[in-house]
Amino acid sequence: MSPTDKSLDAPLFASLLKSDNEALRLETVRTLQGAKSEIAGPLLRAVADAASVGNADKQTLAASATLRAEALVGLAAVAKSEPVGGPTRKLLRTFLNNNSLVPLRLEALRAARSLIADDPELRDGLLDIAKTIVRLEDGAIGTELSNQIALAFAEAKLDPPQSIKLTTSAKPKDRQEWMAQLNRGRDVDPAAGRRVFFNPNGAGCFKCHIVDGRGGRVGPDLSRAVGTMNRIQLIQSILEPSREIAPQFVSWTFELHSGKVLTGMLVHENEGKTIVGDAEGKLTEIKTIDIAARVPQKTSVMPDKLAERMTLQELRDVIAFLETQR
Ligand code: HEC
Numbered sequence: 185m186s187p188t189d190k191s192l193d194a195p196l197f198a199s200l201l202k203s204d205n206e207a208l209r210l211e212t213v214r215t216l217q218g219a220k221s222e223i224a225g226p227l228l229r230a231v232a233d234a235a236s237v238g239n240a241d242k243q244t245l246a247a248s249a250t251l252r253a254e255a256l257v258g259l260a261a262v263a264k265s266e267p268v269g270g271p272t273r274k275l276l277r278t279f280l281n282n283n284s285l286v287p288l289r290l291e292a293l294r295a296a297r298s299l300i301a302d303d304p305e306l307r308d309g310l311l312d313i314a315k316t317i318v319r320l321e322d323g324a325i326g327t328e329l330s331n332q333i334a335l336a337f338a339e340a341k342l343d344p345p346q347s348i349k350l351t352t353s354a355k356p357k358d359r360q361e362w363m364a365q366l367n368r369g370r371d372v373d374p375a376a377g378r379r380v381f382f383n384p385n386g387a388g389c390f391k392c393h394i395v396d397g398r399g400g401r402v403g404p405d406l407s408r409a410v411g412t413m414n415r416i417q418l419i420q421s422i423l424e425p426s427r428e429i430a431p432q433f434v435s436w437t438f439e440l441h442s443g444k445v446l447t448g449m450l451v452h453e454n455e456g457k458t459i460v461g462d463a464e465g466k467l468t469e470i471k472t473i474d475i476a477a478r479v480p481q482k483t484s485v486m487p488d489k490l491a492e493r494m495t496l497q498e499l500r501d502v503i504a505f506l507e508t509q510r
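Its first residue numbered 185, the sequence shown is counted upward by one per residue in the working numbering.
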C-alpha cells in the first residue's frame with residue numbers, strides 16, 4: 185500500500201504507533217517516512233521526542249532508540265518543508281546540542297545537512313558540536329561527527345569550522361584506497377545503513393531502488409540484485425555505476441517529435457506508453473508514438489559521485505545493510 189493512500193489517515197497511524205508490537209510500530213514509522221508532512225510531522229516528532237520515553241528498562245530503551253532514529257529519517261523530509269524556526273527544526277536542534285544517544289545525534293546531523301545553508305539555528309547547532317569534538321574520548325565517533333559536519337558545510341558551500349580540521353578524515357582518492365578503507369574491519373551498523381539508504385539527504389538510494397518493498401523503480405530492486413553479487417561487485421557498482429550496466433538498465437536519450445529531449449532509463453513500455461526514469465529518480469510518462477529517436481548512453485542513470493555525498497562510515501553502513509539482503 186502506498187504511504188500516501190487516503191485510507192491511511194493520522195488517527196490510524198496514531199493507533200498503530202500505540203501498538204504493543206514493536207515490529208508493527210517500527211513498520212508504521214517507516215511507512216510514515218513516505219507520508220505527507222502534515223500527517224507525518226506531528227506523529228514522528230512525538231516518537232522522536234526524548235520526553236515520551238520515560239523510565240524504561242534497557243531492552244525497551246534499545247528498541248526505542250531504533251524507533252526514534254527511524255523517526256528522525258522521516259523528520260528529515262518534514263523539516264525541509266518547514267520554514268526556519270519550525271517545530272521539527274527546533275526538535276532537531278535539541279538532538280544536536282545535548283548528550284543525546286550517538287545514533288540519534290548522527291541522525292539529526294544527517295537531517296540538518298541540507299538545511300544549514302539557510303537555517304542559522306541549525307548551523308549553530310553544528311558549530312556547537314564542532315567545538316566539543318576534541319574532548320570526546322571515542323576517536324571513531326569524533327571522526328564521524330567531524331566528517332558529518334564537513335559534509336554539511338560542503339553541501340551548503342560554506343567553509344567548515346576550523347576546530348574540526350584535525351578530526352576530519354580525508355576521503356579515499358582512488359578505487360584501491362576505497363577498497364582498502366571499506367575493508368578495514370571497522371564496526372559497521374546495518375540498521376544505520378538502512379537509515380542512510382532511505383534518507384532524503386545524501387545519496388538518496390531509495391529514490392531509485394527498492395529494498396524490502398519500499399523505494400523507487402528507476403534502478404534494480406536491490407533485495408533481489410544483491411544476492412547475485414559478491415562484496416567487491418557490490419562496492420564497485422556503488423563507486424563506479426557506469427562500469428558495468430545490465431542491458432535492461434542502460435540509459436537512453438529520447439528525442440521527441442516536438443524537439444524535446446529526455447534522458448533516463450526505460451522503466452516501462454506498454455500499450456503505447458513509455459515511462460522514463462531520470463537521475464533524480466523522477467518518472468515521466470510519454471506517448472511511445474511521440475518518440476522520434478532513441479540513443480543508448482554509456483553512462484548509468486545512477487550518478488557517479490554518490491560516495492562524495494556520504495561519509496566513509498555511511499558508505500560502510502549502507503554496504504553492510506545491503507549485505508543483509510542476501
Ligand atoms: C538516480 C537513480 C539512482 C540512485 C540515486 C542510485 N542508484 Fe543505484 N542504480 C541505478 C540504476 C539505473 C542502476 C542500474 C544501472 C547500473 O548498474 O549502473 C543502479 C545499479 C545499482 C547497483 C547494481 C545492481 C545490479 O543489479 O547490478 C547497486 C548495488 C546500486 N545501484 C546501489 C545503489 C546505492 C547503495 C545507492 C545509494 C548510495 C544508489 N544505488 C543510488 C540508479 C540509481
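Where a beta carbon is used, it is the ideal one built from N, C-alpha and C, also for glycine.
By DSSP, does residue i sit in helix, in strand, or in coil?
i	result
Arg-294	helix
Lys-471	strand
Gly-541	Nothing can be reported for residue 541, as the shown portion of the chain is limited to 185 through 510.
Ser-248	helix
Leu-192	coil
Lys-355	coil
Asn-562	Residue 562 is absent from the structure shown; the chain starts at 185 and stops at 510.
Ser-442	coil
Val-257	helix
Gln-360	helix
Arg-370	coil
Gly-218	coil
Gln-509	coil
Ser-199	helix
Thr-495	coil
Glu-464	coil
Pro-187	coil
Val-485	coil
Taking all protein chains shown into account, decide if residue i is buried (16 or more other Cβ within 10 angstroms of its Cβ) or exposed.
i	result
Ser-203	exposed
Asp-501	buried
Pro-195	exposed
Thr-437	exposed
Leu-216	buried
Val-445	exposed
Gln-154	The requested residue 154 does not occur in the structure, where the chain is confined to residues 185 to 510.
Val-318	exposed
Ala-253	buried
Ala-342	Here residue 342 is Leu; the residue named in the question, Ala, does not match the sequence. Exposed is the call here.
Ser-421	buried
Asp-358	exposed
Gln-332	buried
Leu-208	exposed
Ile-473	exposed
His-393	buried
Ile-416	exposed
Ser-484	buried
Ser-298	buried
Arg-307	buried
Val-395	buried
Gly-369	exposed
Arg-478	exposed
Ala-246	exposed
Asp-322	exposed
Asp-241	exposed
Asn-454	exposed
What does DSSP give as the partner residues of residue i in its beta bridges?
i	result
Pro-480	Trp-436
Glu-453	Thr-458
Give a single yes or no on whether residue i has its beta carbon closer than 7 Å to a heavy atom of the ligand HEC.
i	result
His-452	no
Phe-523	In the structure as shown, the chain starts at 185 and stops at 510, and residue 523 therefore has no counterpart that could be examined.
Ala-409	yes
Pro-431	no
Ile-475	no
Met-363	no
Ala-387	yes
Lys-391	yes
Ser-298	no
Gly-465	yes
Pro-374	no
Val-502	yes
Ile-422	yes
Val-395	no
Pro-271	no
Gly-152	Outside the displayed range of the chain (185 to 510) lies residue 152, so it cannot be described from this structure.
Ser-353	no
Leu-227	no
For chain B, check one thing: does any of its Cβ atoms lie closer than 8 Å to the Cβ of residue i?
i	result
Arg-294	Reference to chain B is not applicable here, since this structure consists of a single protein chain.
What are the complete alpha helix (DSSP H) segments, minimum 4 residues, inside the segment 393 to 436?
406 to 409, 415 to 423
Can you list the alpha helix (DSSP H) stretches of 4 or more residues lying completely in the segment 265 to 353, in chain order?
271 to 281, 286 to 296, 304 to 316, 323 to 339
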